[in-house]
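Reviewing the structure listed below.
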Amino acid sequence: MIRRVYLDNNATTPVFPEVLEAMRPYFGDCFGNASSIHHHGQETRAAVERSRQSVAGLLGSRASEIVFTSGGTEADNLAIFGLARSGDHVIASTVEHHAVLNACKHLGVMGCEITYVPVDGRGLVDPADVKRALRANTKLITIMLANNETGVLEPVEEIGKIAGEADVYFHTDAVQAAGKIAIDVKKIGCDLLTISGHKFHGPQGAGALYVRKGTALEPMLYGGSHERSRRAGTENVPGIVGLGKAAELAVAGSKRVADLRMDDAMDDQTMVGARDRLERELLEIEATGLNGEGGPRVPNTTNIYFDGIDGEALVIALDLKGLAVSTGAACSSGAIEPSHVLLAMGLRPDRAKASLRFSLGKQNRAEDIDFALEVIPRTVARLRELSPLWSKIAVSH
Amino acid sequence: MSGGVDSSAVAAMLRAEGHNVIGLTMQLWNQRRLAGHEGMPETVQGRCCSIDDVYDARRVAETLGIPYYVVNHEERFERDVVRPFVEEYLAGRTPIPCSLCNNHLKFDQLLIVAQQIGADKIATGHYAQVVLDEPAGRWLLKRPADRSKDQTYFLFGLTQEQLSRTLFPLGGMTKPEVRELARKHQLVIAEKPDSQEICFVPGGDYKRFLEAYLTEQGDTPADVGGEMVTTDGKVIGEHAGVHNFTVGQRKGLGVATGSPLYVIQINHDTRQVVVGKDEQLYSRTLRARRVNLISAAELREPMRVAVKIRHKHQPAAATIESSGPDEVLVTFDEPQRALTPGQAAVFYDGDIVVGGGWIEPS
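From first to last, the protein sequence lines stand for chains A and B. Take 231 as the starting number for the first sequence in this note's numbering and just add one per residue. Take 7 as the starting number for the second sequence in this note's numbering and just add one per residue.
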């Protein structure tokens, strides 16, 4: 067996042992339908509501403002399609995740108007652009908190203020921020906020949408009156319990509470240090650069271009050596497409295709960074040796 | 790995022989891109790069326990295969996209990726053989055991460097044997039908494809219309575009005369389609340009060979001689019907591919 190091935690993270333990009973003895009136239902209902409290704790909201979903994509879609109606105007950024971008694209088909505000070279939206984009019929602003590819943090508090003054709904996709930085929905001033459990050591298939009290949200799924009629369907109890536990651990991690077996996990400072070391040493390789330089970022992400490299080949070559990283977004076949985020930041297409994302998780260790720093430079050198593109670049250097 | 029987069998064979095998599928064309355009089918059932094929390839890789990746070469495929395909038709030629794909994608881009990720060689499911001629120090391309599947016609452009890094493990097998091998390895695709048509042209209707593609590009093929003339220069009608014709074509000319008429020549500059009688389609010589020689580095003196002028052509006896840089004059023993610009002339010495070039208008 080859050694495998995982630095693709923005794609997904391993479930923490504590999370798995918390979920386990709900695959076994505690199997009740949370809507049932008997003992079994009461048992799982209690678990679901405890998790709701935990998620509310992570976001600084009330428990009743949390709607459990199947994940980030569903939460984004619920926020967008739950509010926008034909004739409405919606503002989004050009660097949103596809869960938001493609939902907005479909809003266009439904008869909504969409304005996509640009980002600068650092990947940042200018709040003044958002303000200028406002119209009389603007219903919703949806701009992400942290970008999945660069980790860059958008100025959501300023945008929240603009939305509040204009009396327009504000949704933020916080999938890549939750569990990495402290989130407070009141401070942000958002009406809706998306999170996804598996991005912070919870299970896949469990996410949540914060919906501020009083928001007139229409459901997407019709059925029973689950989730206060905002999301019909029997609750995914094990997933929700896992999400709740992951939320508790995230809160505890940032407060450094000792008794949660978190001493094993990387704290924020260690993670920033590890990420920065990786970044610094990779940038020492000739003809490389940091994407999103100058913007505030989450602690775990760095996105670097290696000129003259086909990012796709580099990802494959590294995977065959045991290092898991990623580039751009995969299309339906699994092939890689040039990142719309990097292109929106003004990167040349060849540079966008030469970019890799490294994202750390709390399970990573300093040795993982050592391993990455051992294999990446020589793999980059080998690829460049065989790259027709690099021979041209190298000549001009 | 296309998700078909041949490349899947190759993966199974090499794996069974103990090689360290990595599966790669090239994503070349988005089949949904032109779906619903200009009379193109709404639903996608194309054979190339469809999601179903990628699923199949992935399942085969999983069955064999090999790492598997999809690599995106859509941009290069459009630039080096699709656009030239469209331009050739608009220029009154009949292109062979499979050769372009072999030359520019499979044995170029894919080979680079393979080397970059640490592989020594690429193996494909082509029916052909590569052997090293040690005394001559050259890699030879040879016809396969299963003549009915011979794909050497599409591989004449391979260089020595490319051949030295290529394996064609099916070269010694027949198609039924390949299917049997796939069954033996319990590959899900063992009974999958063979693909026939040009992979990115659904249903084989290239005219619809051209129109849909040009419309998508904001271009119209309208300006390639012109006159239809007889071999003695008499105008007998008009046509909507040179891309609708192929040398030797009889149907769909849109003119009615007493005797059957055939397309003899397509003149790009004047946009004239020249029609005439069947016997006027025959000629004894052709010029092959952009020639690639495989079995020898150069053609010092005239050589007796058999020449194939289209994939399904029975090779015909001919003499080849150099007639300029990268150019070869082919003189057939017997006149050959419908020498078609855009197609390849491939030279054979028995089973060995001597080389080949592109047929130019005479």
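Every residue gets a Cβ at the ideal spot worked out from N, C-alpha and C, and that includes glycine.
Would you list the one or two residues that DSSP bridges to residue 309 (chain B)?
B:326
Tell me, please, whether the CB atom of residue 572 (chain A) is closer than 8 angstroms to any CB atom in chain B?
no
From B:60, B:170, B:306 and B:300, residue whose alpha carbon lies closest to that of residue 358 (chain B):
B:300
Report all residues from its chain with a CB closer than 7 angstroms to the CB of residue 344 (chain A); omit the five preceding and five following residues, and keep chain order.
320, 322, 334, 337 and 338
Helix, strand or coil for residue 192 (chain B), going by three-state DSSP, please let me know.
coil
Hey, is residue 254 (chain B) close to the ligand GDP, as in C-beta under 7 angstroms from one of its heavy atoms?
Inclusion of the ligand GDP in the displayed structure is not the case, the ligand content being empty and no account of it being possible.
My assumption, with CB atoms under 8 angstroms, is that residue 571 (chain A) sits in contact with residue 380 (chain A). Please give the rounded CB distance.
6 angstroms
Is residue 278 (chain B) close to chain A? Criterion is C-beta to C-beta, closer than 8 angstroms.
no
Supposed close pair residue 86 (chain B), residue 110 (chain B) - CB separation, criterion 8 angstroms:
4 angstroms
At which residues does the beta strand (DSSP E) containing residue 135 (chain B) begin and terminate?
135 to 139
Select from the stretch 346 to 360 of chain B all residues with a C-beta closer than 9 angstroms to any C-beta belonging to chain A, and list them in chain order.
none
Chain A partners of residue 78 (chain B), CB-CB under 7 angstroms?
542, 565, 566 and 567
Are the C-beta of residue 547 (chain A) and some C-beta of chain B separated by less than 8 angstroms?
yes
For residue 118 (chain B), which of helix, strand or coil comes out of DSSP?
helix
Are the CB atoms of residue 555 (chain A) and residue 238 (chain A) nearer to each other than 8 angstroms?
yes
Taking the DSSP output, what are the residues bridged to residue 223 (chain B)?
Paired residue(s): none; residue 223 (chain B) is not in a bridge.
Does residue 240 (chain B) pass the burial test, meaning 16 or more other C-beta atoms within 10 Å, or should it be called exposed?
exposed
Sequence-distant residues of its chain with Cβ nearer than 8 angstroms to residue 244 (chain A) (five each side left out)
236, 431, 591 and 593
Can residue 318 (chain B) and residue 352 (chain B) be called in contact, C-beta distance under 8 angstroms?
no
Is the beta carbon of residue 19 (chain B) less than 8 angstroms from the beta carbon of residue 67 (chain B)?
no
So residue 334 (chain B) packs on residue 324 (chain B), CB below 8 angstroms; how close in whole Å?
Not quite, the Cβ-Cβ distance comes to about 10 angstroms (not below 8 angstroms), so this is no contact.
Please report the distance separating the alpha-carbon of residue 490 (chain A) from that of residue 476 (chain A).
Only weak support is given to the placement of residue 490 (chain A): the predicted model assigns it a pLDDT of 39, under 50, and the question is left unresolved by the model.
Residue 288 (chain B), buried or exposed, once every other Cβ within 10 Å from all chains shown has been counted against 16:
exposed
Could you confirm whether any beta carbon from chain B is found closer than 8 angstroms to the beta carbon of residue 612 (chain A)?
yes
Could you tell me the boundaries of the alpha helix (DSSP H) in which residue 416 (chain A) lies?
415 to 418
So for residue 341 (chain B), helix, strand or coil by DSSP?
strand
Along chain B, which residues have their Cβ under 8 angstroms away from the Cβ of residue 550 (chain A)?
28, 73, 123 and 124
Just verifying my parser: in three-state terms, what is the DSSP assignment at residue 335 (chain A)?
helix
Buried or exposed (CB count within 10 angstroms, at least 16 for buried), residue 237 (chain B):
exposed
At a CB-CB cut-off below 7 angstroms, which residues of chain B make contact with residue 616 (chain A)?
118, 121 and 122
According to DSSP, what are the bridge partners of residue 234 (chain B)?
B:243 and B:279
With DSSP as the reference, please indicate the residues paired to residue 481 (chain A) in a beta bridge.
For residue 481 (chain A), which the question treats as bridged, DSSP gives no partner whatsoever.
How about residue 249 (chain A) and residue 472 (chain A): are their beta carbons less than 8 angstroms apart?
yes
Simplified DSSP state of residue 246 (chain A), which is helix, strand or coil:
coil
Would you list, in sequence order, the uninterrupted beta strand (DSSP E) runs of no fewer than 3 residues that lie entirely inside the stretch 247 to 331 of chain A?
296 to 299 and 319 to 323
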